[in-house]
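> Position in the sequence shown (first residue = 1) + 215 = the working numbering.
C-beta atoms are modelled at their ideal positions from N, C-alpha and C, and glycine is treated no differently.
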Amino acid sequence: MYNSNYPSYNTYDQYTSNHPSYNTYDQYNPNHSSYNTYDQYNEYRVDRDVRLQSLAQSGSHGGEYLDIDGNTGDVVLSSGGSGTNWRLTELQQGFINLQNLGISRFKNYFLGVNPNNGRVKLLNYISNETRWIPHNISQNQIRLENG
216 MYNSNYPSYN
226 TYDQYTSNHP
236 SYNTYDQYNP
246 NHSSYNTYDQ
256 YNEYRVDRDV
266 RLQSLAQSGS
276 HGGEYLDIDG
286 NTGDVVLSSG
296 GSGTNWRLTE
306 LQQGFINLQN
316 LGISRFKNYF
326 LGVNPNNGRV
336 KLLNYISNET
346 RWIPHNISQN
356 QIRLENG
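#1: Can you tell me the Cα-Cα spacing of arginine 334 and valine 291, whole angstroms?
#2: Within the continuous beta strand (DSSP E) that includes tyrosine 280, where are the two ends?
#3: Determine which residues share a DSSP beta bridge with phenylalanine 310 and list them.
#4: Kindly list the residues whose CB is nearer than 8 Å to the CB of glutamate 279, restricted to its own chain and excluding five residues on each side of it in sequence; keep chain order.
#5: Express the C-alpha separation of proline 330 and glutamine 308 in angstroms, rounding to a whole number.
#6: Out of Val328, Leu306, Leu338, point me to the one whose CA is closest to arginine 191's CA.
#7: Going straight from the alpha carbon of asparagine 361 to that of phenylalanine 310, what length do you get?
#8: Using 10 angstroms around the beta-carbon of isoleucine 283, count the other beta-carbons present and answer buried if the total reaches 16, otherwise exposed.
#9: Rounded to whole angstroms, how far is the Cβ of serine 297 from the Cβ of glycine 317, which I believe are closer than 8 Å?
#10: DSSP three-state label for serine 294, please.
#11: If distances are taken between C-alpha atoms only, which option among Lys322, His350, Leu306 comes closest to threonine 287?
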């Protein structure tokens with residue numbers, strides 16, 4: 216006999232639980248608080264993989280992507296490559312981090328700014344230098360300010 220209110224009960228659950236069985240085929244959201252310990256304290260975090268493209272109207276770099284030189288770790292603009300893939304992680308108070316996903320020894324390094332000369336650089340740790348503030352310009356377009 217099974218409970219007609221919950222036809223998904225299996226034989227064991229029908230006698231031991233008041234809840235329907237879990238559907239093992241459903242995908243879970245890895246950013247949901249029950250799956251990610253960090254999110255129990257920060258429900259606002261969402262990780263996204265992005266490519267950042269220059270929208271410059273002048274100069275020779277319009278349409279190019281934020282990339283890294285896999286040999287030196289320099290931050291450059293290029294027409295493509297694995298270094299153009301970044302993970303955008305939202306932090307508290309409107310800040311984000313950008314972590315490189317390129318296939319090189321600089322994978323998982325964070326985009327930051329050298330406070331002495333203002334040049335963009337990669338860091339293998341999170342600090343105030345790696346915090347960015349996104350400003351929405353329009354749909355799918357942002358301007359980044361170092362925070």
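Looking at the coordinates:
#1: Here residue 334 corresponds to residue number 119 of the sequence shown, with the count starting at 1. Here residue 291 corresponds to residue number 76 of the sequence shown, with the count starting at 1. Within the model, the alpha-carbon separation for arginine 334 versus valine 291 is close to 11 Å.
#2: Numbered from its first residue, the sequence shown carries residue 280 at position 65. Judged by DSSP secondary structure, tyrosine 280 falls within the beta strand (DSSP E) whose first and last residues are 280-283.
#3: Position 95 of the sequence shown holds residue 310. Bridge pairing for phenylalanine 310: absent [DSSP].
#4: As a first step, residue 279 must be located in the sequence shown, where it is residue number 64. The beta carbon of glutamate 279 sits closer than 8 Å to those of Gln268, Ser269, Leu292, Ser293, Ser294, all from its chain and outside the five residues before and after it, given in chain order.
#5: To locate residue 308, count along the sequence shown from 1; it is residue 93. To locate residue 330, count along the sequence shown from 1; it is residue 115. Cα to Cα, the separation comes out at about 21 Å.
#6: Any question about residue 191 goes unanswered here, given that the chain covers just 216 to 362.
#7: Numbered from 1 along the sequence shown, position 146 holds the residue referred to as residue 361. Numbered from 1 along the sequence shown, position 95 holds the residue referred to as residue 310. Cα to Cα, the separation comes out at about 9 Å.
#8: By 1-based counting over the sequence shown, the position of residue 283 is 68. The residue is buried, with at least 16 neighbouring Cβ atoms inside 10 Å.
#9: Position 82 of the sequence shown, counting from 1, holds the residue named residue 297. Position 102 of the sequence shown, counting from 1, holds the residue named residue 317. Yes, serine 297 and glycine 317 are in contact; Cβ-Cβ is about 4 Å, under 8 Å.
#10: As a working mapping, residue 294 is identified with position 79 in the sequence shown. DSSP, read as helix, strand or coil, puts serine 294 in coil.
#11: As a working mapping, residue 287 is identified with position 72 in the sequence shown. Nearest of Lys322, His350, Leu306 to threonine 287, Cα basis: Lys322.
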